[in-house]
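Visitor:
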Amino acid sequence: MLIPEIVKILIDSGIEENEANIEVKLLIEHFAGFSLVDILMGKKFDEEKLKLVEEKAKLRAATHQPIQHIIGLADFMGEKFNVSSDVLIPRDETELLVRKAIEIIEKNNFKSVLDMCTGSGCIACMIAKYTQAQVVGADISTEALHVAFSNMEKMELFNRASFRKSDLFSKIRPEEKFDIIVSNPPYIPPMMKNNIQKEVTFEPELALYTSDEKGLEFYDKITKTAPEFLVEGGYLMFELGIGQFREVAEIMNKNGFKNIQVLKDLANIERVIWGQV
1 MLIPEIVKIL IDSGIEENEA NIEVKLLIEH FAGFSLVDIL MGKKFDEEKL KLVEEKAKLR
61 AATHQPIQHI IGLADFMGEK FNVSSDVLIP RDETELLVRK AIEIIEKNNF KSVLDMCTGS
121 GCIACMIAKY TQAQVVGADI STEALHVAFS NMEKMELFNR ASFRKSDLFS KIRPEEKFDI
181 IVSNPPYIPP MMKNNIQKEV TFEPELALYT SDEKGLEFYD KITKTAPEFL VEGGYLMFEL
241 GIGQFREVAE IMNKNGFKNI QVLKDLANIE RVIWGQV
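Okay, so the sequence shown: first residue is 1 according to our numbering, each after it adds one.
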């Protein structure tokens, strides 16, 4: 089978043409070991490997399983992170959170960071890579922590990023104080489950959905407890769901946070919020 025919398998399943081309390139790179340059130069494919690429494309078309789960990797801020169905796939919105966090950490020479609901560890690992801070990533999911640890190992961030099983702050010691707490918590209301994109259904519900109607459960829980674990003047920073800015800002304000600011994404959506205790 030729590459255009494999691309057509994805297009016929409803995947947009440009996205289908990108995904087939990823499949070829991962399962056939061919780069874009190899493809453009017309390098001859091993038939068995091309057949494997075809099989994976058919799997993607039939199930709409995310391409990142099929290859086990997701691109994030120039790194390839290990991912599985136990963690959220890193998204562009989260890159905004990480870049702003790095900016604040560098500006204030912060040395200690807590990444709450760490998942794949992408936030913790990138902060550890680009700052001098020590980062602790916390998550309730043992399976997610295995993925996070594998990413830390791959990036050789030993003694820079560490991970801990914790139901929010339950395993954070009272004497531990952080300069900044960052979090991309679950923020999708359960009523949205029936309208969610098919690909998202392959990601862990534990990391996606709240139990309340507005998706504010974890913003509320984290914000109430965060001051106990922040130094004076320390920061709390969240990724936001669409339309949640005002209510999260109110939650932060009620719990003693000041200098509350927001960063919008390219679609002009309030996507990152932060404040000081």
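The beta-carbon is built from N, C-alpha and C at its ideal position, and this holds for glycine as well.
Taking Cβ to Cβ, would you say residue 168 is nearer than 8 Å to residue 221?
Guide: In this structure, residue 221 lies closer than 8 Å to residue 168 by Cβ.
Visitor: Determine the closest residue to residue 268 out of 90, 243, 61, with distance taken between C-alpha atoms.
Guide: With distances taken between Cα atoms, residue 268 lies closest to 243.
Visitor: With DSSP run on the structure shown, which of helix, strand or coil describes residue 35?
Guide: It is coil, neither helix nor strand.
Visitor: Within the continuous beta strand (DSSP E) that includes residue 240, where are the two ends?
Guide: It is not in any beta strand (DSSP E) - residue 240 carries neither H nor E in the DSSP assignment.
Visitor: Do residue 133 and residue 113 have their C-beta atoms closer together than 8 Å?
Guide: Yes, they are a contact pair.
Visitor: State buried or exposed for residue 90, treating a residue as buried only when at least 16 other CB atoms are found within 10 Å of its CB.
Guide: Residue 90 comes out buried.
Visitor: Taking Cβ positions, are residue 2 and residue 23 nearer each other than 8 Å?
Guide: Taking 8 Å as the Cβ cut-off, residue 2 and residue 23 do not qualify as a contacting pair.
Visitor: Going by beta-carbon coordinates alone, are residue 277 and residue 234 separated by less than 8 Å?
Guide: In contact: residue 277 and residue 234 (Cβ atoms closer than 8 Å).
Visitor: Between 54, 236, 46, which has its C-alpha nearest residue 105's C-alpha?
Guide: Ranking 54, 236, 46 by Cα distance to residue 105 puts 236 first.
Visitor: Exposed or buried, what is residue 142 when buried is set at 16 or more other beta-carbons lying within 10 Å of its beta-carbon?
Guide: Burial call: exposed.
Visitor: Taking the Cβ atom as the reference point for each residue, do residue 166 and residue 148 lie within a distance shorter than 8 Å?
Guide: For residue 166 and residue 148, no; Cβs fall outside 8 Å.
Visitor: In terms of residues, what are the limits of the alpha helix (DSSP H) holding residue 150?
Guide: Where residue 150 is concerned, the enclosing alpha helix (DSSP H) stretches over 142-154.
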